[in-house]
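Reviewing the structure listed below.
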Amino acid sequence: MDSFTYKITGEGTDQIVTLKVESQIIYEGPSYSLVTSVDNVLGLDLNFGFSGIEYSYYLYIIKSLEEYLLLLPVKEHYRYANQFIFSKSDLMKLWDGLGYDFEDDQVYITTANPTDILFHWLLSSRVHFQELKLDAMRKEIRKIAVGL
Numbered sequence: 005m006d007s008f009t010y011k012i013t014g015e016g017t018d019q020i021v022t023l024k025v026e027s028q029i030i031y032e033g034p035s036y037s038l039v040t041s042v043d044n045v046l047g048l049d050l051n052f053g054f055s056g057i058e059y060s061y062y063l064y065i066i067k068s069l070e071e072y073l074l075l076l077p078v079k080e081h082y083r084y085a086n087q088f089i090f091s092k093s094d095l096m097k098l099w100d101g102l103g104y105d106f107e108d109d110q111v112y113i114t115t116a117n118p119t120d121i122l123f124h125w126l127l128s129s130r131v132h133f134q135e136l137k138l139d140a141m142r143k144e145i146r147k148i149a150v151g152l
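Residues in the sequence shown are numbered from 5 upward in steps of one, following the working numbering.
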């Protein structure tokens, strides 16, 4: 499990959030730009420390795996993605710091399905796929897997 830390400075619309996983900044910017949802699934718009209008945000959805949470990139952002896993209590602390009610928002965190878990594993394997086609992916996985 990753070490998830945050720092919040300022107030109101001037509130700035810095999120780190291990020592990597995954978000630095205004609090109002961090939290989002896609198709009623809670997500985070991560910028990896690059703030400003010229930088892209990478949308990650939050999936529950018992007491842990997976951050998974949406399909458009999978190519630049990292995988993150942290405790639900870490997100609860962040929500409290932002003034959000976690009890209200946790209904928008869906349970990770087998495909989500496989996707998380693929991201952690550091295998880079040119395309999301099963046959091509299978060949790349066989190159690195023992016993296949």
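Glycine is no exception: its CB is placed at the ideal position from the N, C-alpha and C atoms.
Go through its chain and collect everything with a Cβ distance to residue i's Cβ below 8 angstroms, but skip five positions before and after it.
i    : result
Y10  : V21, T22, L23, K24, K97, L98, G101
F52  : Q28, I29, I30, Y31, Y62
T115 : K67, S68, L69
G33  : I20, V21, N51, S55
V42  : L63, I65, V78
Going by beta carbon distance, what residues of the same chain come within less than 6 angstroms of residue i, once the five residues before and after it are set aside?
i    : result
L50  : I30, Y31, Y62, Y64
S7   : E26
D108 : none
V39  : none
Quick one, which of the options has its alpha-carbon nearest residue i's?
i    : options               : result
G16  : S7, S35, D105, I113   : S35
S128 : I89, G33, E71, K143   : I89
K79  : D109, F123, Y104      : F123
I121 : Y104, S7, D108, Y72   : Y72
D91  : F106, I113, L74, Y104 : Reading off the sequence shown, one finds Ser at residue 91, where the question assumed Asp. It is L74 whose Cα lies nearest to the Cα of S91.
N86  : L126, Y104, D105      : L126
What do you get for residue i, buried or exposed, if any count of 16 or more other CB atoms within 10 angstroms of its CB means buried?
i    : result
D94  : buried
P118 : exposed
L48  : buried
L152 : Low confidence applies to L152: its pLDDT is 46, below 50, so where it sits in the model is not reliable enough to give any reading.
Along the chain, where does the alpha helix (DSSP H) containing residue i start, and where does it finish?
i    : result
I121 : 118-129
F54  : That residue, F54, is in no alpha helix (DSSP H); it is neither H nor E in DSSP.
E107 : 106-109
G101 : 92-102
Ordered along the chain, which non-local residues of its own chain (more than five positions away) have a Cβ less than 7 angstroms from that of residue i?
i    : result
E76  : Note on residue identity: the sequence assigns Leu, not Glu, to residue 76. Hits under 7 angstroms: Y64, I65, K67, D120, F123, H124.
Y112 : S41, N44, V45, L46
Locate the beta strand (DSSP E) running through residue i, then write down its first and last residues.
i   : result
S41 : 39-42
S33 : Reading off the sequence, residue 33 comes out as Gly, not Ser. Its beta strand (DSSP E) spans residues 28-34.
T9  : 8-13
K24 : 20-25
Please tell me whether residue i has its Cβ less than 8 angstroms away from any Cβ of chain D.
i   : result
L69 : In the structure shown, chain D does not exist; there is a single protein chain.
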